[in-house]
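The working numbering numbers the first residue of the sequence shown as -12 and each following residue consecutively. Every residue gets a Cβ at the ideal spot worked out from N, C-alpha and C, and that includes glycine. Below: the structure, in structure tokens.
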Amino acid sequence: MTRRARTASTLALALAATLGAPFLGAAGVFAVPGSTAAAQVVEEVWAVVNDSVILKTEVDQEYFRTLAQLGVRRRPTPEEEAQLKRQVLEQLINQQLVIQDAARDTTLRVDPEELEARVQAEVDAQVRQFGTLSRFQEALSETGQTLATFREQQREAIRRQILMQRYIAKRGEDARRIAITDEELQAYFERNKARIPRRPATVRFEHVILRPEPTDSAKAAALALARQIRDRARDGEDFATLAQRYSADPGTKDEGGLLGWVREGGGLTEKFEDAVFRLRPGVVSDPVETEFGYHVILVERVRGGERRVRHVLVRWELGEDDIDRNVERANALLERARAGEALADLGTPDPPDTLEVAVNQLARLSPFYARALQDATPGAVLGPLELPAAGEHALTLVHVLEVKPGGEASIEDVRDRLEENLRQEKLVERVVQGLRDQAYIEVRVDGGGTTGGG
-12 MTRRARTAST LALALAATLG APFLGAAGVF AVPGSTAAAQ VVEEVWAVVN DSVILKTEVD
48 QEYFRTLAQL GVRRRPTPEE EAQLKRQVLE QLINQQLVIQ DAARDTTLRV DPEELEARVQ
108 AEVDAQVRQF GTLSRFQEAL SETGQTLATF REQQREAIRR QILMQRYIAK RGEDARRIAI
168 TDEELQAYFE RNKARIPRRP ATVRFEHVIL RPEPTDSAKA AALALARQIR DRARDGEDFA
228 TLAQRYSADP GTKDEGGLLG WVREGGGLTE KFEDAVFRLR PGVVSDPVET EFGYHVILVE
288 RVRGGERRVR HVLVRWELGE DDIDRNVERA NALLERARAG EALADLGTPD PPDTLEVAVN
348 QLARLSPFYA RALQDATPGA VLGPLELPAA GEHALTLVHV LEVKPGGEAS IEDVRDRLEE
408 NLRQEKLVER VVQGLRDQAY IEVRVDGGGT TGGG
């Protein structure tokens, strides 16, 4: 998982702990027993939060959503139901406080395209769950909803979720200043032990990538084509159409070269990333050379630290002689490595990289890696192996450093993630408590009262 994705999921879990179940995933289709969208009921106010109210129906909806997300099969006792609904009410109060304060922050906004994409993803997830769109619509109908009302409900819920996550994320510097003791971390580990997945068997290795070297004439021909594409795009031809016709990137060609929204440190090749973040929106780049070929790049839009990017990849043609020379070089270097020479001392164009990968995920890296490393032993030097993700006809030499069996995760296995989660939870609690101290909160159910500073 990337750092960006891990941070987002960490924040979502921290928010879920204090602000409630909606942060744990898809809302799903649920119904409050005995009610439909058409039912005419007198709305009962369960809490007042500054100038907003929380209704009984909102608590009921979150209650049943929480039961579904927790996988509760049996019907809770009246005492359990009352306790859980009170917890849900407290979470809704916390959510309302954060939303109110976030609404006053003019730097926080939700991009309409992002929102619609998230809503559509939720609809698609439900369709997959029910098998077909018509079955999903039937299920919605049974709860008094339509696809349109479901989309609107999700749109508002996701908008609130994004706002709350960004509101807390802005205070990330505060989280980094929160101290975590070993005792707190151990207690947090014990509380969450049942939810921590088992440690998979992993293999740690270093590998060096060897790419065929094209002839000067092949590179010159590729560069000439890339320049033609650049000129045609600058003269007004549709960039996406040019990408569909000329790009050699199979992952983006059919989408008109669309890479989507990218940010610095997001895993792009360094030269490509540097070019992206130097470009102004709407400007077509000169050809950028990477190990994959020549790229012509277009930044369509800028959103904060992100860029919406398209590109055309022009590969140079590799002849059989180029490929054969690379195989010969790889075999010669393999002999030196097996004789005891370190990969870093082989004089390859790129230095070796070190990776640790779960054995059951090796096939995602390369099927050739999966076969070679499945039963590897520390110290083994393997190769040449094919690594398509590294470029056409790329080969690698692999030095196995360590093999770890699977088992129960120890606190050391997950220390970094636990510390991040705990800091985020503490931050959310502090932020929410500060808002509560300044708020007028009136709970109008048994055991409630009036709290806050106003």
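Assigned secondary structure, residue i (DSSP; H/G/I helix, E/B strand, else coil)
i	result
residue 426	coil
residue 36	strand
residue 94	coil
residue 42	strand
residue -2	Residue placement at residue -2 cannot be trusted, given a pLDDT of 44 that sits under 50; what the coordinates show is reported in the next sentence. Here residue -2 sits in helix by DSSP.
residue 52	helix
residue 27	Residue placement at residue 27 cannot be trusted, given a pLDDT of 41 that sits under 50; what the coordinates show is reported in the next sentence. In the structure shown, residue 27 sits in coil (DSSP, three-state: anything other than H, G, I, E or B).
residue 182	helix
residue 255	coil
residue 421	helix
residue 77	helix
residue 58	coil
residue 64	coil
residue 11	Note that residue 11 has pLDDT 36, beneath the 50 cutoff, so the model's placement of it is unreliable and no number is given.
residue 72	helix
residue 224	coil
residue 19	Confidence in residue 19 is poor, its pLDDT being 42 and thus under 50, which makes the residue's placement too unreliable to answer from.
residue 153	helix
residue 160	helix
residue 200	coil
residue 261	helix
Enclosing beta strand (DSSP E) for residue i [first to last residue]
i	result
residue 206	No beta strand (DSSP E) contains residue 206, which is instead part of the alpha helix (DSSP H) from 203 to 221.
residue 171	Unbroken run through residue 171 is the alpha helix (DSSP H), 169 to 179; no beta strand (DSSP E).
residue 189	189 to 197
residue 246	245 to 250
For residue i, the nearest candidate out of the options (CA to CA)
i	options	result
residue 236	378, 71, 189 and 177	378
residue 101	146, 123 and 359	146
residue 191	293, 290 and 362	362
residue 284	221, 138 and 401	221
residue 167	423, 90, 344 and 405	405
residue 52	124, 144, 224 and 288	144
residue 427	42, 81 and 223	81
residue 69	89, 43 and 55	43
residue 253	57, 321, 296 and 40	296
residue 197	238, 282 and 321	321
residue 395	177, 148 and 132	177
Pair within 8 Å by beta-carbon distance, residue i and residue j
i	j	result
residue 151	residue 85	yes
residue 154	residue 92	yes
residue 369	residue 357	no
residue 201	residue 372	no
residue 380	residue 330	no
residue 244	residue 227	yes
residue 294	residue 286	yes
residue 184	residue 345	no
residue 376	residue 303	no
residue 414	residue 165	yes
residue 39	residue 83	yes
Delimiting residues of the alpha helix (DSSP H) encompassing residue i
i	result
residue 234	Element bounds for residue 234: n/a, residue is neither H nor E.
residue 166	Note, residue 166: premise wrong, no alpha helix (DSSP H); not H, not E.
Ranges of the alpha helix (DSSP H) found wholly within the region 264 to 348, counting only runs of at least 4: Correct list: 307 to 325.
Runs of alpha helix (DSSP H) wholly within the region 352 to 410 (minimum 4 residues, chain order): List check, alpha helix (DSSP H) in window: 354 to 360.
Length-filtered (3 minimum) beta strand (DSSP E) runs lying within the region 85 to 149: List check, beta strand (DSSP E) in window: nothing returned.
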